[in-house]
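Using our numbering, read the sequence shown as starting at -19 and increasing by one per residue. Below is one structure, written out as structure tokens, with a few remarks after it.
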Amino acid sequence: MEAWSVDQVCSWLVENNLGELVHRFQEEEVSGAALLALNDRMVQQLVKKIGHQAVLMDLIKKYKQKSQELQPPGSPRERALLMQAAAAQENAQSSSPAIHGEHTASFSAAGNLALGLIDQRVLKQRRNVKHVLARNKASHWMKPYVLPEFPYDVKCMLAEQKCPDHSVRIRIIEFLQADMTKYLEGSLYPTTQQYNDVVNALLQAHPFLDEDGCGFFLWKRALKDRFKYVRRPIEDDEQVMRNKCKFGHRRGQTRKSLADIRFDEIKIVQIKEEAVCLDSEVDEHISWFQQEYVKKDKDWREVDKRMSQTLQIRRKLIGSRTPLKDILKMFPFLKCPYQMFREFQLLTRTDVYKKTRHILESYSENILTSFSVVDNPINIALQEKMKQHTDEDMLKYMKMTATCLLLPDVFGDDPSLFVIVNEKVQVSTPVLEVKNPFNIDVCEFSLYLEKERLTKVDDCVTALAALIAAFHVFGIKCPRRLSQTLNFLETLIFDMHSPHFSSMKEKEKEVGFQHLVT
């Protein structure tokens, strides 16, 4: 490969399914010698796709390892030193006696080298080469790697060539990790080459998993993270201890006694048993939720019980930024307003529905008569509709609906981030969609999340309470252009003064708010 021309390198790229890189390699005139001299930084500048970077570096590394195995240990350096010794002897024979006397020591050393008394540097080089060869030998699989037998549902998904969701990805990674551990005879420390072999086998068997050319890097990263997760409970494992001692992490610490080691071993077993038990329990809950959600007659008491039992799991998933689609798939009852209110109450010990109703009932008159919304089209439409009705309950409901729609205008926020009236939703954060707000017979409220309808509700109180709860339950940051409206609502819901909105009282005075005692 060292003597290859640019064209030969390009042909080699095509043979290894890297034909997309040919044009770039021709532009940069990468010959065989330049190819072997590439480092990680050069490859990143030369190749855009991470998957291609990984494959290219792996191919170069394999070639170097193969050529190193075929080469006799220490031969380049030994040959160079021997040639120097022979040249020195020839010079000694042709030089004057004076010069010969001055360099007797150096010629003697060279003679010893030629006679087999090898220089210490050569011996060190030999030892290093032997260690490299030993590591290369250990890094190879005992036998060719074959993908494990995946569960039936995973096999069906792979057969249909569907892009897997988060939960299916986790299952695939778990099976690969378990199978690699079996191949490694129980070891939890695969080499980089072994990670590469497994991911390559997966992507060769199922090419559609290589998303946008980055699949190799993503699957390898997920597999390495899985091994780290499995190793976490065994921090005192012998191999980890050796690594810590090797890299100085235990410098200045004393070795544990046998009693402490035995106690830690028992504790590790208990942790593993609890983790296995917990995983099986969570899977059982998720399966039950998915089956119960599609039933017409639901056991709400059992739903409440299981939702309480899995609260901590949900909070961890949401805290780790698991996609909301996957969370809603595992816990579909979060789409129900009642369960959102209950989750909100478990987190904050506050009845968000009751507080929201109190806000709308208490502040509707002041909001609708405030200067900033007097000429608003929604307020004008409300006044026209109110002329057609005389029922007190009907008029009260219409005022509360208008109050819900006008809140962002009162505080100078962006109404499109709060409520959309008779239009298509364009934002990803939680937002309300309202159709025919003042027509009681056909009025429709919906809560949207990530531009998809999460739930449909019957009235403005439930809709507004669900919107507030969604920000807390799903851990979504409030948009800056909606902060004053949500700060006002949360201040009243939690019965506190907002530290983020210093001009709250001035706003209340502006619209004529009078605090009512609950």
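Positions of the beta carbon are idealized from the N, C-alpha and C atoms, including for glycine. Bear in mind that the values here come from a model prediction, so they are computed numbers and not experimental data.
Secondary structure at K415: strand, using DSSP grouped into helix, strand and coil.
For K335, no beta strand (DSSP E) run applies; the uninterrupted alpha helix (DSSP H) run containing it begins and ends at V332 to L348, by DSSP.
Under DSSP, the beta-bridge partners assigned to K436 are S426. By the Cβ rule, the region 462 to 475 counts as touching the region 320 to 332, because three or more pairs are nearer than 8 Å.
Within 10 angstroms of the beta-carbon of N(-4) lie fewer than 16 other beta-carbons, which makes it exposed.
Across the structure, V(-11) and Q25 are spaced so that their CA atoms are roughly 18 Å apart.
V399 sits in a strand when the DSSP states are folded into three classes. A check of alpha carbon separations from K285 across L326, K29, Y343 and K431 identifies L326 as the nearest.
Excluding residues up to 5 positions away in sequence, N176 lie with their Cβ nearer than 6 Å to the Cβ of D38 in the same chain. Burial of K200 is indicated by the presence of at least 16 other C-beta atoms within 10 angstroms of its C-beta.
Taking 8 Å as the upper bound for CB-CB distance, A443 and M320 are not in contact here, some 12 Å apart. Nearest to V437 by alpha-carbon distance, out of C458, P459, V414 and G455, is V414. Looking only at F454, F418 and V441, the smallest Cα-Cα distance to L429 is reached by F454. Only residues of its own chain outside the window of five on either side were considered, and among them none has a CB closer than 6 Å to the CB of T349. One Cα belongs to C384, the other to L340, and the distance between them is close to 7 Å.
In the three-state scheme derived from DSSP, where H, G and I count as helix and E and B as strand, S167 is classed as coil. Only residues of its own chain outside the window of five on either side were considered, and among them L387, P388, V411, L412, L447, L462 and T465 have a CB closer than 8 Å to the CB of F398, listed in chain order. Put simply, the backbone Cα of H338 is about 9 Å away from that of V441. Annotated three-state conformation of S352 is helix, per DSSP.
Counting along the chain, F391 sits inside no alpha helix (DSSP H), nor does DSSP assign it H or E at all. The beta carbons of A181 and L127 sit closer together than 8 Å. For L362, the three-state secondary structure derived from DSSP is helix. For the set K29, K28 and D20, the Cα lying nearest the Cα of K41 is the one of D20.
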